[in-house]
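Under mature numbering (1 follows the signal peptide of the UniProt record, and there is no 0), the letters of the sequence shown match residues -21 to -1, 1 to 108, in that order.
Positions of the beta carbon are idealized from the N, C-alpha and C atoms, including for glycine.
Taking it in order: structure first as structure tokens, then the write-up.
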Amino acid sequence: MKKLACLTLAVTSLAMSAAFAQTPAPAKPLAYYVAEFEPTTPGAIKPYSDRVEDTFKPFGGRFIVRGGEVDALEGEKPMGRMVVIAFDNIEQARAWYRSPAYEVIKPIRHKAGKTNVYIVQGIQPPLPQ
């Protein structure tokens, strides 16, 4: 009987250890690159637009908003176009923004128009249920 109790305790301990080992660590909060872009030179942004996605994909970035209609419900409508790129965390967003690949194309955007740019930390993603 003692052997059975010890064996049951050992198996239960192993099962609980395995369950806790598979529990994912809490995810970091998401982060978003947010830009308002007002073109000043028609067509000058195209070389930037054609290349920007290749610069942020290695950092886990993905477009959430790329232009599209903006409906200002309160306050002033943002200038020009809105762009939102999501990242898994703020470190990845900052690393992309400062990356050599992005540094190469940033001047294209600067010359093509006026831009307000932000990196905003979002909320922590919900844990799987």
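- Please determine, among PHE38, THR20 and ILE24, the residue with the shortest C-alpha to C-alpha distance to LYS85. As a position in the sequence shown, residue 85 is number 106, starting the count at 1. Of PHE38, THR20 and ILE24, the residue nearest in Cα terms is ILE24.
- Residue of VAL83, ASN95, LEU9 and GLY101 minimising C-alpha distance to PRO26: In the sequence shown, the residue the question calls residue 26 occupies position 47. If we check each option's Cα against that of PRO26, VAL83 comes out closest.
- Query: Exposed or buried, what is ARG88 when buried is set at 16 or more other beta-carbons lying within 10 Å of its beta-carbon?
  - Reply: The residue you call residue 88 lines up with position 109 of the sequence shown. Result: buried.
- Query: Should the stretch 32 to 52 be regarded as contacting the stretch 98 to 107, the criterion being three or more beta carbon pairs within less than 8 Å?
  - Reply: no
- In three-state terms, what does DSSP make of ALA(-12)? Sequence index remark: in the sequence shown, residue -12 carries index 10 (1-based). Low per-residue confidence applies at ALA(-12): pLDDT is 42, beneath 50, and the placement is therefore not dependable enough to give any value.
- Item | Cα-Cα separation between ARG60 and LYS93, rounded to whole angstroms | Mapped onto the sequence shown, residue 60 falls at position 81. Mapped onto the sequence shown, residue 93 falls at position 114. C-alpha separation (whole angstroms): 11 Å.
- Message: Taking 8 Å as the threshold (beta carbon to beta carbon), is TRP75 in contact with chain B?
- Response: Note that chain B does not occur in the displayed structure, where there is just one protein chain.
- Task: Go through the stretch 38 to 88 residue by residue and report every complete run of the beta strand (DSSP E) that reaches 3 residues or more, in order.
- Result: 41 to 45 and 60 to 66
- Excluding the 5 residues preceding and the 5 following TYR97 in the sequence, name in chain order all residues of the same chain whose CB lies nearer than 6 Å to its CB. The residue you call residue 97 lines up with position 118 of the sequence shown. Excluding sequence neighbours, TYR97 sits near VAL13.
- Query: Between ASN68 and ALA10, what straight-line distance do the alpha-carbon atoms span, to the nearest angstrom?
  - Reply: Position 89 of the sequence shown, counted from the first residue, corresponds to residue 68. Position 31 of the sequence shown, counted from the first residue, corresponds to residue 10. Going by the C-alpha atoms only, they are around 5 Å apart.
- Query: Given GLU32, which residues of its chain have a CB within under 6 Å of its CB, disregarding the five upstream and five downstream residues?
  - Reply: Translated into the one-based positions of the sequence shown, residue 32 becomes position 53. Correct list: empty, nothing qualifies.
- Item | Whole runs of the alpha helix (DSSP H) within the stretch 3 to 30, excluding any shorter than 4 residues | none
- Counted within 10 angstroms of its Cβ, other Cβ atoms place ALA51 as buried (16 or more) or exposed: Start at 1 with the first residue of the sequence shown, and residue 51 comes out as number 72. Looking at its Cβ environment, which holds fewer than 16 other Cβ atoms inside 10 Å, ALA51 is exposed.
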